[in-house]
């Protein structure tokens with residue numbers, strides 16, 4: 140690079156001398172011009188650029204994180220429906236012989252059927268109400284009707300019904316269901332009416 144500069148300066152001096160002296164450009168002058176051009180080319184020639192450094196390879200992309208497992212939603216169990224208690228009632232009539240408080244076989248059959256019906260029932264109360272026909276005094280018939288109700292209670296208790304669930308009462312001859320003037324009517328009035336009240340789960 141320095142040598143090219145020196146040649147250029149020398150050529151410029153000689154050309155300038157020729158021009159000042161009014162000399163004609165000879166072959167030597169042409170050669171000087173060529174040398175000047177060469178020198179100019181040397182001056183302007185750029186040094187070779189260094190090779191560009193290789194671009195760094197891009198770092199490998201990180202492996203994608205595994206997708207999170209879906210969280211399983213735990214649903215609360217639906218509340219179980221509460222059992223519904225249904226009101227139940229049963230009724231029966233037990234007939235008695237004249238001036239008697241002993242339960243007859245037909246009456247026992249009705250009470251057995253009633254006891255089977257109340258199995259699985261949450262008993263609230265069993266009501267047994269005794270009655271009598273019109274023969275005899277009011278006081279006597281009142282006591283007789285109570286004894287008849289107590290006989291029914293005793294039989295029901297023997298079938299497994301709790302004694303404290305059975306309520307008894309006597310009405311005497313006050314509430315007839317038939318005519319006391321006839322034999323058939325009086326037979327219907329010698330009775331115990333039974334009503335069972337309770338609840339059953341459905």
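Residue numbers (this note's numbering): 140 to 341.
Don't be surprised by glycine CBs; every beta carbon is placed ideally from N, CA and C.
Because the structure is a prediction, the values reported are computed rather than measured.
Burial state of residue i (16 or more Cβ within 10 Å)
i: residue 291; result: buried
i: residue 300; result: buried
i: residue 316; result: exposed
i: residue 206; result: exposed
i: residue 322; result: exposed
Residues bridged to residue i [DSSP beta-bridge criterion]
i: residue 305; result: 265
i: residue 322; result: DSSP output for residue 322 lists no bridge partner at all.
i: residue 258; result: Beta-bridge pairing links residue 258 to no other residue.
i: residue 337; result: 227 and 262
i: residue 283; result: Residue 283 is not bridged to any residue.
i: residue 331; result: 233 and 269
Close Cβ partners of residue i (< 7 Å) along its chain, the five nearest in sequence each way excluded
i: residue 226; result: 338
i: residue 311; result: 271, 277, 280, 281 and 284
Close Cβ partners of residue i (< 8 Å) along its chain, the five nearest in sequence each way excluded
i: residue 252; result: 231
i: residue 234; result: 243, 245, 246, 326, 327, 329 and 330
Spatial neighbours of residue i in its chain, beta-carbon cut-off 6 Å, leaving aside the 5 residues before and after
i: residue 298; result: 254
i: residue 267; result: 288, 291, 292, 307, 331 and 333
i: residue 324; result: 317 and 318
i: residue 294; result: 242 and 250
Review point. Can we say the region 229 to 243 touches the region 302 to 315, given the rule of at least three CB pairs closer than 8 Å?
Key: no
Review point. Below 8 Å, can you find three or more Cβ-Cβ pairs linking the region 234 to 248 to the region 259 to 267?
Key: no
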